[in-house]
Structure formats: structure tokens, C-alpha cells
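In the working numbering, the protein residues as written are 10 to 359. For glycine and all other residues, C-beta sits at the position ideal for the given N, C-alpha and C. Encoded as C-alpha cells, the structure appears first; notes follow it.
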Amino acid sequence: MFFASDNWAGAHPNIVAGLSGAAGGLSTAYGDGALDQAVYQRFSEIFEREVAVFFVATGTAANSLSLTTYNKPGGISFCHRESHVIEDECGAPEYFSGGSRLCAIDGALGKIDPHNLENTIGRYAPEIVHWGRPMAVSITQSTEVGTVYSLDEIDKISAIARHYKVPLHMDGARFANALVALDTTPAEMTWKRGVDILSFGGTKNGCWCAEAIVLFGLDRAGELAFLRKRAAQLFSKSRFVAAQFDAYFKDGLWLDTARHANAMAARLAAAIEDSSSASLAWLPQANEVFAVMKKAEAERLQAAGAAFYDWHRPLGFDGHIGEDEALYRFVTSFATTAEDVDRFGRLIAG
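The following block contains the structure:
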């Protein structure tokens, strides 16, 4: 009953086999090997256009370098107040960009409110040197609280970014989970909606240590290559990242693992709904479930072997949380089993 994070899950057996298969022999280093090139091409096929792909080790590196790609003196990136970029990356975006700033935008349940974005970004006239100037907009798909931007919502954010002539970045640490939740295509969820650069996550969905920056406009590719090297994210034996993505994409594994994680979240949500000792905070859309329960009940469940975290009240949640209660987050993964969920369901059945 490990629902603490999808980062707790190991690597999918197919991806382990892919790593093992790439272990022997010799291959050109630094991303120029045959397997690297094949995976770059596979990314282009998946996104239905030529893209530039840069492997990195972590989502923090992907997000920080993505924003730094569009850095400018006095630059300001706009992101949700509770996004991973602003709350969980220890200032890495500001550090890698050499002093750009992150501006927090409010919005209900993890999603930027377009009206708030418009009002905030409009305050920064790029010709006024005292204020700083817009540099990028960043959205998280799926969000930190398990919600998913619809295609129309991405369109609205993108239109504002285009109006102010700044790029739109998507933090896709759980990209596949959002994709299957919307039942759409990678192209439709990204560049066809105006996304310029994507942090493409694999680690949370079955990979070992595989993240990528996907650049839809190739004009910045040369600059990003130097930024990645300077950030110590250019791997000599990058074929081991390529091998993971090669297995990840083969026969749609990445979509299957995401569908499974989402299905387990829905199963878990149903168990919580049926419980007399917990209540759903809001309906999950991807692979994160949030529930309100008494602190003593949470301690009992954790003592029985369930792993999950307490969570802060997000903007837009107006449900009641008593003094003896708290909000808790549960995350499912490709490794979550129906037996895990059902065992937990029996514990909270009351």
C-alpha cells in the first residue's frame, strides 16, 4: 500500500531489459550514438513534427533549463503559486538563469486562472527597466494536485502568452497521465495548443532516471545545447537514457503504464468515497487522489502499512477540514496493484 509518490516505484521490467540490452558493446558518446538518434526520431514521430530533444536527469533540471532557454535580463516567468517550479525546486530556475524571477499566479486546484495571469503579466511593461519584463509562462500538466488542464484551458493560457510575446512552457513530469486522461495526442496537448517547450517526464511513469526537454521551435536548440552542458546535464553514456525511452515508447508502454496508474487512482478514489472514515477532497483526474480524514485515522492506516503524505490546503479548495482532521495525498503508479488498493479499501471501510 505504497501511495506516497510515484517516485517510490521502481523501473518497469521492460525498461530494465532495455537498459540491460544497451549495456554491452560500444556506442558514440554524448548523445550521438545510433540509439540516441533513433529515440530523437521517435520523439518527432510522437509529436508529429521535427523536435529537438535534450536528455536530462531530473525534472528540476528539465524545468530550470527550459525556462533558462528563454532567459533575458530582468526576466520573469509566470507560474502557478503552488507549482513544482516555485515550491519544490530550491530556487533552481532562478539559479540556472542567473537571477531571473518566478511570479506566482493564483488559480483553483493547481491551475493558473487566465484572468489572474492576464492581470499580473500586464503589469510588467517590458520597456520599464525598474520592473523587469515577461520571460515565459509555465503550466504543469498534470498539476501538483492531480488536476488536468483541458485543451481549451491550454488554449486560453497560450493566447495570453502569445499576446505578450513570451513562450509557453509545460512541466510534464506526469505528462503521460494527463495525456491519457484527456484521451488526446501529444501534438494536440502541446505545440498545436501553442506550447513552445516541454519538460517530458519518464521517471514517475516507469523509467529509472529519464527526463527530456522537448523543444518545438528549433531556433533555440543551439543555445540549449550549451546551457545543458554548463548545467552538467550532458551525459557521456547517454545511450542509457535513450535505452529507457526506447523501451518506454515501444508498443505504447508509456501510455499503458499511465492508464494503469490513472485507473488505480480511480479505484482508490472509489474506495475512499465508500468509506465512513474518509472523504474525497475533489475528484481525481490523473494519478493523484486527495482525501480528508481524521489525523488519528491516518496514523492508524500508516501503522497498518499504508504510505501516504499529509498535504497543504490548495487554493480553490473550500471543503471543511476540522481541527482533528487533515488533507492527505495518495499517488498511484504503474506498480500499484488492485490488491494494494483493495486492501487499503478494506482498512478504511469502517
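**Message:** Considering only the alpha carbon of each residue, which of Leu336, Val350, Phe343 and Pro323 lies closest to Ala117?
**Reply:** Of all alpha-carbon atoms in Leu336, Val350, Phe343 and Pro323, the one lying nearest the alpha-carbon of Ala117 is that of Pro323.
**Asked** So, using beta-carbon positions, are Ala270 and Asp15 closer together than 8 angstroms?
**Response** Yes.
**Asked** By a C-beta neighbour count over all protein chains shown, 10 Å radius and 16 as the cutoff for buried, is Asp97 buried or exposed?
**Response** When all chains shown are included, Asp97 counts as exposed.
**Asked** Does the beta-carbon distance from Glu334 to Lys304 come in below 8 angstroms?
**Response** In this structure, Lys304 lies closer than 8 angstroms to Glu334 by Cβ.
**Asked** Looking at C-alpha atoms only, which residue of Phe12, Gly100, Gly226 and Ala287 is the closest neighbour of Val62?
**Response** Selected option, being the one with the closest Cα: Gly226.
**Message:** I need the straight-line Cα distance from Ser147 to His21, nearest angstrom please.
**Reply:** One Cα belongs to Ser147, the other to His21, and the distance between them is close to 29 angstroms.
**Asked** So what does Arg237 bridge to, in DSSP terms?
**Response** In DSSP, Arg237 forms no bridge with anything.
**Given Ile357 as reference, the closest of Ala70, Val223 and Ala287 once Cα atoms are compared** = Selection Ala70, Val223 and Ala287 evaluated against Ile357 yields Ala287 as nearest (Cα-Cα).
**Prompt:** With a CB to CB cut of under 8 angstroms and the five nearest residues on each side skipped, what residues in its chain are close to Leu292?
**Reply:** For Leu292, where only same-chain residues beyond five positions count, the Cβ hits under 8 angstroms are Ala278.
**Request:** Taking only the alpha-carbon atoms, compute the straight-line gap between Ile166 and Leu126 and give it to the nearest angstrom.
**Result:** In this model, Ile166 and Leu126 are separated by some 8 angstroms (Cα to Cα).
**Prompt:** Once you ignore the five residues that flank Leu43 on each side, which residues in its own chain have a CB closer than 8 angstroms to its CB?
**Reply:** It is Ala, not Leu, that sits at residue 43 in the sequence shown. So the qualifying residues of the chain are Ser36 and Thr37.
**Item:** Residues bridged to Val298 [DSSP beta-bridge criterion]
**Value:** Phe339, per the DSSP bridge assignment.
**Asked** What is the residue span of the beta strand (DSSP E) that Thr149 lies within?
**Response** Arg142 to Thr149 is the extent of the beta strand (DSSP E) around Thr149.
**Prompt:** For Phe64, which option in Thr212, Gly34, Lys201 and Cys99 has the closest C-alpha, if you only look at C-alpha atoms?
**Reply:** Distances from the alpha-carbon of Phe64 to those of Thr212, Gly34, Lys201 and Cys99 put Thr212 closest.
**Item:** Distance between Phe353 and Val175 (C-alpha atoms, nearest Å)
**Value:** Cα-Cα distance, rounded: 46 angstroms.
**Prompt:** Run through DSSP, which three-state label would Tyr318 get?
**Reply:** If DSSP states are grouped into helix, strand and coil, Tyr318 belongs with the strands.
**Asked** Under three-state DSSP, which class holds Arg132?
**Response** DSSP places Arg132 outside both helix and strand once states are collapsed to three, so it counts as coil.
**Item:** Alpha-carbon spacing of Glu297 relative to Glu136, whole angstroms
**Value:** Straight-line Cα distance between these residues: approximately 42 angstroms.
**Prompt:** So is Tyr39 buried or exposed if we call it buried at 16+ other beta carbons inside 10 Å?
**Reply:** It counts as exposed.
**Request:** Go ahead and label Val154 buried or exposed: buried means 16 or more other beta carbons lie within 10 angstroms of its beta carbon, across all protein chains shown.
**Result:** Here Val154 is buried: its Cβ has 16 or more other Cβ atoms, across all protein chains shown, within 10 Å.
**Asked** Could you give the uninterrupted runs of the alpha helix (DSSP H) lying entirely in the region 153-189, keeping only those of 4 residues or more?
**Response** If only complete runs of 4 or more residues are kept, the region 153-189 shows the alpha helix (DSSP H) at 160-172, in order along the chain.
**Prompt:** Just to confirm, are Val157 and Arg268 a CB contact at a threshold of 8 angstroms?
**Reply:** For the 8 angstroms CB-CB criterion, Val157 and Arg268 do not form a contact.
**Prompt:** Which first and last residues belong to the beta strand (DSSP E) in which Ser208 is found?
**Reply:** Taken as a continuous stretch (DSSP letters only), the beta strand (DSSP E) holding Ser208 covers Ile206 to Gly210.
**Message:** Considering Cα atoms alone, identify which of Cys218, Gly68, Val250 and Gly108 is closest to Tyr49.
**Reply:** Tyr49 has its Cα closest to that of Val250, out of Cys218, Gly68, Val250 and Gly108.
**Message:** If contacts are defined as beta-carbon pairs under 8 angstroms, then Gly210 and Arg183 qualify, I think. What distance do you get, rounded to the angstrom?
**Reply:** Their Cβ separation, rounded to whole angstroms, is 6 angstroms, which keeps Gly210 and Arg183 in contact under 8 angstroms.
**Prompt:** Asp161 and His178: beta carbons closer than 8 angstroms?
**Reply:** A distance of 8 angstroms or more separates the beta carbons of Asp161 and His178.
**Asked** Under 8 angstroms, do Ala31 and Thr69 count as touching if we go by C-beta distance?
**Response** No, Cβ-Cβ distance for Ala31 and Thr69 is not below 8 angstroms.
**Request:** Tell me the start and end of each unbroken alpha helix (DSSP H) in the region 256-284 that is at least 4 residues and wholly inside, in chain order.
**Result:** Taking only runs of at least 4 residues, the alpha helix (DSSP H) segments lying wholly in the region 256-284 are 262-282.
**Request:** Please classify Arg110: does DSSP put it in a helix, a strand, or coil?
**Result:** Arg110 falls in the strand class under three-state DSSP.
**Asked** What first and last residue would you give for the alpha helix (DSSP H) that runs through Ser73?
**Response** First-last of the alpha helix (DSSP H) with Ser73: Gly68 to Thr77.
**Request:** Name, in chain order, the residues that DSSP records as bridge partners for Phe52.
**Result:** Looking at the DSSP assignment, Phe52 forms no beta bridge with any residue, so it has no partner.
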